[in-house]
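Asker: Going by numbering that gives the first Met the number 0, the first residue of the sequence shown is number 0, and it counts up by one from there. I'd like to ask some things about the structure below.
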Amino acid sequence: MKVQEEKVKSELVTRGYLSTEQANRAVVEMTKSKASFKDTLLKLSLLKEEDLLIAEADVLGLTYLNIDEYLIDEAVIKMVPEKVARTHTVIPVFKVGSMLTIASSDPANLLALDEIRSAAGAEVEVVVCAKPIIKKAIDQYYGVGGNFSEVMKSLDTGTAVISKNRRASDPKPTAEEMGKAAEEAPVIKLVNMIIMKAVEEKASDIHIEPEEDMLRVRNRVDGVMHETLTLPKKVQLAVASRIKILSKIDIAETRKPQDGKIRLKVEGRDLDIRVSTMPTMHGENIVMRLLEQSKVVLGLSDLGFDETTLKKFEILIRKAYGMVLATGPTGSGKTTSLYTALHTINTVDKNIITIEDPVEYQIPMIRQTQVNVKAGLTFASGLRSILRQDPDIVLVGEIRDTETADIAVQAALTGHLVFSSIHTNDAAGAVSRLLDMGVEPFLISSALIGVLAQRLVRTICKKCKEPCKVDQELLTKMGIKGSSGNFFKGKGCQECGMSGHGKRMGIYELLFVDEPIRRLMIQRASADEIKAQAQKTGMQSMRVDGIKKAEKGLTTLEEVLKVTLED
């Protein structure tokens, strides 16, 4: 028995995958048949190939990787010829810098590594994966062409076109039919390419929208939707079924909304995709929200605060107790602001716990809990349990109902610093919203210490930025008087995809709760009265913040007008 095989045997026994008797039995059989120890174990069905490879990888100091969870870029696949991949049962997984990572079921095959190194023109490192999984991936990635048109040609020859020529009177496809279509290589490749394109575009959402005679795919990039692809109607059910299988939801259920989750790896990074399906007149509409778990949380200074607002916000988040709210519509960056605040004050002497729906990004040293309504874990019940965990700081993902609002307010009044979000148009509106939920005014005035309202605007591309003249009509709409109308815009270049825009930044208004504001709260004053008082003591509206950023050449007046209300 070779030294490496002896080590693998010992590792398997140590890990409990094999008993000593089973290992000895395999050695006897191996001696008789003159087969390898690995092949003998599999022949005798003493353990799964995955367990064997995990042990072998550990002995060799390598990583075991289930590439079923990976989304592989077409450019990476092209680095290794199909013939080489099939001959040695290997597949490239991702490339970081000059290093190409290869999955193999036989990491000791040096001949294969030399051939790949020569073909790819790159340094190669090996991860271990089961042979059936690699073979399946080879069929998926090499068996179909590398662009959408080639994939569509392949679909015409398969069973995936189960919706072709179907009439309203035809019987509904069975779950078996839909499952079979969803597992065909062209369909798998098509869905992979849709997701990969969204990742490359840095999209936040993918919308798969059925029309009467086609299937439209749109991506949301920097808050703006654009069409990326139109597909023939015949692939609709197959594409929907594939996405449902990935997100572990019922492929046979098409009459009611469903939610699921897909976890993939792209270029070695964790990617969580929240999937939502909704029945419509022409089939199921599917929206996939892309969340990168390894995304770096920014510093407060990176969010776009002006100096005054930043100082006030830092004072708020370092208070010993009280409630701080972030407000704005969905997609306005509230979660990023709250996570950044937690990241800023996250120290070893503080116990920080969250209840979220969903946990979008993971932060070390913070205990994060996911809402699970089916299991009875709601924001309200989760918050009650959190308060028994001796927290210093609590994040409630969103205040949606009276019960959650009451508990959050009580937590702030009993010595905890509470962060949460709420949906209102501006900062002052958060007070009215809490009143509408039935929270007593005197409790709000005692608990609430600040409200941050925000929107996201696209910045101007730095590569093609140029001065421009804004017409008087726009200046009047924005309430700008005495301006020369000299601002900036992006002309459009390759760097920004001819859009003239770069990434998004925040525009803010921060309601700092002081004594005059508290008195107004107790009097049940309107949002307009609270806003007027806050502006007397220095609060600037989101529109004013946006105009200042436009004057500095960071964004355009059109962007600010699009996302703000009139003052």
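All C-beta atoms, glycine included, are put in the ideal place defined by N, C-alpha and C.
(1) Name the one or two DSSP bridge partners that VAL580 has.
(2) May I ask you to report which of helix, strand or coil DSSP gives ALA524?
(3) Using the C-alpha atoms, what's the distance from ASP50 back to SER18?
(4) Under a three-way DSSP split, which group does LEU261 fall into?
(5) According to DSSP, is MET277 part of a helix, a strand, or is it coil?
(6) Quick check on DSSP: helix, strand or coil for PRO256?
(7) Give me, in chain order, the residues of the same chain whose beta-carbon lies closer than 7 Å to that of THR158; leave out the 5 immediate sequence neighbours on both sides.
(8) Would you tell me roughly how many angstroms separate the C-alpha atoms of PRO131 and GLU10, rounded to the nearest one?
(9) Determine contact between the region 499–511 and the region 439–458, defined as no fewer than three beta-carbon pairs at a distance below 8 Å.
(10) Out of curiosity, what's the CA-to-CA distance linking SER168 and SER275?
(11) Report yes or no: do three or more beta-carbon pairs, one from the region 316–330 and one from the region 396–416, lie closer than 8 Å?
(12) What three-state label does DSSP hand LYS135 in the structure shown?
(13) Let's see if you can read the secondary structure: which residues bound the alpha helix (DSSP H) around ASN23?
(14) Alpha carbon to alpha carbon, how far is VAL125 from PRO106?
(15) So is GLY481 buried or exposed if we call it buried at 16+ other beta carbons inside 10 Å?
(16) Check this for me: beta carbons of THR554 and VAL456, under 8 Å apart or not?
(17) In the DSSP assignment, find the beta strand (DSSP E) that holds ASP452 and state where it starts and stops.
(18) Give me the DSSP bridge partner(s) of VAL238.
(19) How far does the alpha helix (DSSP H) with GLY545 in it reach, from first residue to last?
(20) In three-state DSSP terms, what is GLU5?
(21) Terminal residues of the continuous alpha helix (DSSP H) containing GLY428?
(22) Grouping DSSP H, G and I as helix and E and B as strand, with all else coil, what is THR563?
(23) Can you grab the Cα-Cα spacing for the pair LEU46 / GLY282, in whole Å?
(24) Determine which residues share a DSSP beta bridge with VAL223 and list them.
(25) Where does TYR141 fall in DSSP's three states?
(26) Taking three-plus beta-carbon pairs below 8 Å as touching, is the region 252–264 in contact with the region 225–235?
(27) Which of helix, strand or coil does DSSP assign to SER420?
(28) Alpha carbon to alpha carbon, how far is LEU560 from VAL469?
(29) What does a CB cutoff of less than 8 Å around PRO440 pick up in its chain, not counting 5 residues either side in sequence?
(30) Please report the straight-line C-alpha distance between MET497 and LYS490, rounded to a whole angstrom.
(31) Just list the beta strand (DSSP E) runs in the region 304–348, keeping only unbroken ones of 3 residues or longer that don't cross its boundaries, in chain order.
(32) Which two residues bound the contiguous alpha helix (DSSP H) that contains ILE71?
(33) Evaluate contact between the region 382–397 and the region 346–358, counting only Cβ atoms and requiring at least three cross-stretch pairs below 8 Å.
(34) Contact defined as beta carbons within less than 8 Å: I believe ILE506 pairs with LYS548. What is the distance between those atoms, to the nearest angstrom?
(35) With distances taken from CA atoms, which of MET364, GLY381 and GLY332 is nearest VAL370?
(36) Quick one: what's got a C-beta closer than 6 Å to ALA526's C-beta in the same chain, skipping five residues either side?
Answerer: With the structure as the only source:
(1) The requested residue 580 does not occur in the structure, where the chain is confined to residues 0 to 566.
(2) coil
(3) 14 Å
(4) The sequence given here places Ile at residue 261; Leu does not occur at that position. Strand, per DSSP.
(5) strand
(6) coil
(7) Unreliable placement is indicated for THR158, whose pLDDT of 48 sits below 50; the coordinate value is still reported in the next sentence. These residues qualify, in order along the chain: LYS179, ALA180 and GLU183.
(8) 23 Å
(9) yes
(10) Because the pLDDT at SER168 is just 49, under 50, the model does not fix this residue reliably, and the value given afterwards should be weighed accordingly. Computed Cα separation, rounded: 27 Å.
(11) yes
(12) helix
(13) 19–32
(14) 7 Å
(15) exposed
(16) yes
(17) The sequence shown places Ala at residue 452, rather than the Asp named in the question. Residues 447–459.
(18) Paired residues: none, contrary to the question.
(19) 541–550
(20) helix
(21) 428–435
(22) coil
(23) 44 Å
(24) VAL220
(25) helix
(26) no
(27) strand
(28) 13 Å
(29) LEU434, MET520, ILE521, GLN522 and ARG523
(30) 8 Å
(31) 321–326
(32) First-last for ILE71: undefined, no H or E at that position.
(33) yes
(34) 6 Å
(35) GLY381
(36) ALA427, GLY428 and SER431
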